[in-house]
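Participant:
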Amino acid sequence: MKVLVTGATGPFGRAVCRRLVTAGHDVTAMARNRPQTLVDGVAFTAGDVRDARAVTDAVSGCDAVAHLAWVVAPLKTEAATEEINLGGTRNVLDAMAATGCQRLVFSSSVLAYGAVPGHPPMLTETDERRPPREHLYAAHKKRAEDLIDRSGVDAVIVRAGIIAGRDVDNTIFRFFSSPALPVPDPDRHQQFVHTDDVARFTAEAVSHTHTGAVNITGTGTLTMREIAHIIDRPLIRVPERALRTAISAAWKLGVSELAPGEIGGLLYMPIVDTTRLHDEWGFTCAWSSRAALEDMARAAHGVVSLGKRTVTLPWRVSPGSTEHVGPLRAILLRRTYADEVDRVVRDIERLVSEGRPEEGPTADARRQLILDMAEHSTLLARIGDQARMPAHLVARATQASAAAKEGITS
1 MKVLVTGATG PFGRAVCRRL VTAGHDVTAM ARNRPQTLVD GVAFTAGDVR DARAVTDAVS
61 GCDAVAHLAW VVAPLKTEAA TEEINLGGTR NVLDAMAATG CQRLVFSSSV LAYGAVPGHP
121 PMLTETDERR PPREHLYAAH KKRAEDLIDR SGVDAVIVRA GIIAGRDVDN TIFRFFSSPA
181 LPVPDPDRHQ QFVHTDDVAR FTAEAVSHTH TGAVNITGTG TLTMREIAHI IDRPLIRVPE
241 RALRTAISAA WKLGVSELAP GEIGGLLYMP IVDTTRLHDE WGFTCAWSSR AALEDMARAA
301 HGVVSLGKRT VTLPWRVSPG STEHVGPLRA ILLRRTYADE VDRVVRDIER LVSEGRPEEG
361 PTADARRQLI LDMAEHSTLL ARIGDQARMP AHLVARATQA SAAAKEGITS
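Each residue of the sequence shown is one higher than the last, beginning at 1 in the UniProt record's numbering.
1) So what does DSSP say about E226, is it helix, strand or coil?
2) May I have the straight-line CA-CA distance separating H324 from A58, to the nearest angstrom?
3) Are the CB atoms of F12 and I162 nearer to each other than 8 Å?
4) Contact between the stretch 391 to 400 and the stretch 336 to 346: three or more CB pairs below 8 Å?
5) Could you tell me which uninterrupted beta strand (DSSP E) segments, each at least 3 residues in length, are contained entirely in the stretch 19 to 86, listed from first to last along the chain?
6) Helix, strand or coil for T6, going by three-state DSSP, please let me know.
7) Do V42 and the ligand GDP come close, with the Cβ less than 7 Å from some heavy atom?
8) Run through DSSP, which three-state label would L181 get?
9) Quick one: any contact between the stretch 206 to 223 and the stretch 283 to 292, if contact means 3 or more CB pairs under 8 Å?
10) Going by C-alpha distance, which of E78, I231, N85 and A297 is nearest H67?
11) Can you check DSSP and say which residues form a bridge with L104?
12) Consult DSSP for Q190 and reduce its assignment to one of helix, strand or coil.
13) Starting from G265, follow the alpha helix (DSSP H) in both directions and report where the run begins and ends.
14) Give me, in chain order, the residues of the same chain whose beta-carbon lies closer than 6 Å to that of R188; leave out the 5 immediate sequence neighbours on both sides.
15) At what residues does the beta strand (DSSP E) containing R276 begin and finish?
16) Going straight from the alpha carbon of L104 to that of K141, what length do you get?
17) By alpha-carbon positions, which one of E280, T245, M269 and G152 ends up nearest to D185?
18) What would DSSP say about I172, mapped onto helix, strand or coil?
19) Which of the three DSSP states, helix, strand or coil, is assigned to L123?
20) Contact check, A160 vs V92 under 8 Å by CB: the rounded distance?
21) Would the stretch 223 to 241 count as touching the stretch 196 to 209 if we require 3 or more Cβ pairs under 8 Å?
22) Would you mind giving the Cβ-Cβ distance between A404 and A374, rounded to the nearest angstrom? I have them listed as a contact below 8 Å.
What follows is the structure in structure tokens.
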């Protein structure tokens with residue numbers, strides 16, 4: 001079969017291309033820019049999914065499309081994000097209708113069900129999907145699924161759990177690479193699926209006869225306590241409201257890729273049933289949830305992330321070397337933490353120096369931002385305390401929080 005893969009240049013896209021080539025398919029990768037390296041045996045066509053003509057040209061002559069192109073972290077405007085996620089999906093569907101291509105495999109997510117409280121313990125493919133509108137990633141996945149359902153193409157909608165593996169670089173990976181994990185409920189369960197398992201299933205689905213939605217995760221679940229142990233990070237119990245406030249402040253200041261609407265994905269990630277995957281598709285994941293996370297932990301052990309800043313260990317040092325990695329990671333942690341404390345202190349000092357907010361909508365918004373920054377600084381102090389950062393840095397974060405609150409009341 002001749003297969004077009006959109007969004008083919010990321011780690012997951014390359015894995016899908018590799019699996020398709022191994023299965024004997026004629027594969028073309030579509031992306032805006034040609035990558036420095038391309039999977040052997042894969043042709044490349046430059047194109048943007050927002051460009052309807054480019055998409056139609058790429059789909060022409062293909063038997064199937066694996067549609068992976070997607071914005072994970074929201075762009076500056078909701079319209080820009082929607083133009084790629086939903087506009088791109090519409091262009092793919094229109095191109096398939098115009099060229100007669102009938103097989104589509106869409107990379108969706110269990111987040112399409114909605115990362116909200118009140119779901120059944122195990123969600124099946126027929127359960128209600130109710131993602132919050134403000135969680136653009138999840139809301140767009142649902143809307144894209146609806147577009148596909150209405151199009152009439154033979155489609156497989158792959159609802160994957162949290163994708164893990166040593167080559168993953170996403171929002172979840174960066175959260176797990178933080179100096180410490182702030183969570184409201186340490187006993188909440190999560191499911192993981194390895195990149196290779198999702199890629200293998202996506203490649204198989206291209207030429208399969210089945211259609212419809214299918215959940216895919218590795219076997220078993222892990223609590224946040226177990227996750228913290230596996231990735232070797234201290235765990236901090238933080239009230240949900242405080243965590244939401246801190247993340248909101250970091251997003252508003254442009255120092256975090258995690259948007260406020262996405263926090264539900266960490267707090268209420270849906271747990272799904274995979275009976276259809278096993279019984280109807282005859283597919284079994286090679287990696288359990290634990291094994292997938294352990295593989296990702298091998299990469300996380302050499303990385304420290306705080307906000308948008310990520311620092312890696314020198315490449316010469318083996319991640320398995322406990323003799324050298326421990327001290328080096330401690331140094332990186334201190335440097336990254338010190339930089340973040342400096343940034344927060346500067347932001348709070350700037351806001352407070354502008355004087356006490358007066359009355360009116362603008363003043364209310366500024367007052368809320370200062371309160372959010374105070375909460376963010378408090379959380380930063382708690383993370384530093386748990387991660388055994390130098391006492392003077394923890395004290396600076398604590399003092400900055402107090403200064404922010406005083407700036408509103410004095």
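Heads up, the beta-carbon is just placed ideally off N, CA and C, and yes, glycines get one too.
Facilitator: Answer, in terms of the structure:
1) If DSSP states are grouped into helix, strand and coil, E226 belongs with the helices.
2) Low local confidence applies: a pLDDT of 39 at H324 is under 50, so the model's placement there is unreliable, and no value is given.
3) Note that the C-beta distance between F12 and I162 is not below 8 Å.
4) Yes, the stretch 391 to 400 is in contact with the stretch 336 to 346.
5) Within the stretch 19 to 86, complete beta strand (DSSP E) segments of at least 3 residues are found at 26 to 31, 42 to 46 and 64 to 67, given in chain order.
6) In the structure shown, T6 falls within a strand segment according to DSSP collapsed to helix, strand and coil.
7) The ligand content of the structure shown is nil, which means the ligand GDP is not present either.
8) Note: L181 maps to strand in three-state DSSP.
9) In short, these stretches touch, since the Cβ pair count reaches three.
10) It is N85.
11) According to DSSP, L104 bridges with V65 and A155.
12) Q190 falls in the strand class under three-state DSSP.
13) Element bounds for G265: G264 to L267.
14) If we look at R188 and ignore the five residues flanking it on each side, its Cβ neighbours are M224.
15) Not the beta strand (DSSP E): R276 falls in the alpha helix (DSSP H), residues T275 to D279.
16) Cα to Cα, the separation comes out at about 15 Å.
17) Of E280, T245, M269 and G152, the residue nearest in Cα terms is M269.
18) I172: helix per DSSP, three-state reduction.
19) Three-state result, L123: strand.
20) Distance from A160 to V92 at the Cβ level is roughly 19 Å; contact not present, criterion being Cβ atoms closer than 8 Å.
21) Under the 8 Å Cβ criterion, the stretch 223 to 241 does not count as touching the stretch 196 to 209, having fewer than three qualifying pairs.
22) Indeed, because the Cβ distance is near 4 Å, the residues count as touching under 8 Å.
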